[in-house]
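What follows is a set of notes on a single structure, which appears directly below.
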Amino acid sequence: MAPLILYNHDASPPCCLVRIVADEIGVDLEKVHVVDIEKEMGTPERLQINPQRTIPALVDNGLNIAESRAIVTYLVSKYAKDDSLYPKDVQKRVLVDQRLFFDQDFYNRILNTMTPTFSGAPLSQSDVDKVNDGLDTLNRMLEGKQWLAGDKITVADYATTVSLAALEFNPKSGINPARHSNIAQWISRVEGSSAKVAENMKIYRKAIKTYIEDFKKQKSQK
Numbered sequence: 351m352a353p354l355i356l357y358n359h360d361a362s363p364p365c366c367l368v369r370i371v372a373d374e375i376g377v378d379l380e381k382v383h384v385v386d387i388e389k390e391m392g393t394p395e396r397l398q399i400n401p402q403r404t405i406p407a408l409v410d411n412g413l414n415i416a417e418s419r420a421i422v423t424y425l426v427s428k429y430a431k432d433d434s435l436y437p438k439d440v441q442k443r444v445l446v447d448q449r450l451f452f453d454q455d456f457y458n459r460i461l462n463t464m465t466p467t468f469s470g471a472p473l474s475q476s477d478v479d480k481v482n483d484g485l486d487t488l489n490r491m492l493e494g495k496q497w498l499a500g501d502k503i504t505v506a507d508y509a510t511t512v513s514l515a516a517l518e519f520n521p522k523s524g525i526n527p528a529r530h531s532n533i534a535q536w537i538s539r540v541e542g543s544s545a546k547v548a549e550n551m552k553i554y555r556k557a558i559k560t561y562i563e564d565f566k567k568q569k570s571q572k
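Numbered according to my numbering, the sequence shown terminates at residue 572, and the numbering increases by one at each position without gaps.
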């Protein structure tokens, strides 16, 4: 079988999600490191792989898949030994899907507060308020629960945990998920659920810290 190829950057939260799930289900990935996403994913060959010109992008024996949430649900459905991370039962799976769709919107809100870190533009209070509103919602979702969807950890837990981790690198926003007790305890459970999850989160945090430092250094030299 041809190796699964992942177009990846270690500082990308969506790429981190794919790496976590692949490691958890025992799927080996051949990682292609992408530095300049717009340029490197904009070649004719790679536009065939992902017309959206984004990462992560996965190639599995000629099948091209973009969008991290689509990739991880595919990987579990095809390669996992059981369906605990993404249930086959429709009533269980729809809860995971709902949380994944919530995370997609929430991640976009988080990204909007991260942009000023790179652009130097002032941080919008409206954007901060939208993230805090998302945190309130997430805290309610976790009330009385160990996991986001059902009684076992799923891809939705990984996805939302990775999204939240980006907030650690924008302290000026004043957004702190740990102020919400349900969220703080849940993050600890997710990141402590396996050594592979912890290691991937460590790699991600180190990479994004380096990425931001390098960006600021390059900007100061201009």
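Here a beta-carbon is modelled for each residue, glycine too, at the ideal position from N, C-alpha and C.
Just so we're clear, the structure is a prediction, and the values are computed from it rather than from any experiment.
Just the C-alpha distance for residue i and residue j, rounded to the nearest angstrom, thanks.
i      : j      : result
Leu425 : Pro472 : 39 Å
Ser427 : Ser570 : 46 Å
Cys366 : Arg490 : 25 Å
Arg419 : Ala509 : 8 Å
Asp378 : Leu408 : 12 Å
His530 : Tyr357 : 34 Å
Asp483 : Arg459 : 10 Å
Leu517 : Glu541 : 16 Å
Ala515 : Arg555 : 8 Å
Pro466 : Asn520 : 9 Å
Asp447 : Thr511 : 15 Å
Ser469 : Leu488 : 28 Å
Assign residue i to one of three DSSP states: helix, strand, or coil.
i      : result
Tyr357 : strand
Lys495 : coil
Ala516 : helix
Leu408 : strand
Ala528 : helix
Val415 : Here residue 415 turns out to be Ile, not Val, going by the sequence shown. Correct three-state label for Ile415: strand.
Val540 : helix
How close, in whole Å, do the beta carbons of residue i and residue j come, if the pair is a contact with beta carbons under 8 Å?
i      : j      : result
Leu461 : Pro527 : Actually they do not touch by this definition, with Cβ atoms about 15 Å apart.
Ile375 : Ala430 : 4 Å
(request) Spell out a yes or no on whether the stretch 409-426 and the stretch 478-491 are touching, meaning 3 or more CB-CB pairs, one atom from each, closer than 8 Å. (result) no
(request) Answer yes if the stretch 352-367 comes into contact with the stretch 381-397, meaning at least three C-beta pairs across the two stretches below 8 Å, and no otherwise. (result) yes
(request) Assess, as a yes-or-no matter, whether the stretch 489-505 is touched by the stretch 554-568 under the definition of 3 or more beta carbon pairs within less than 8 Å. (result) no
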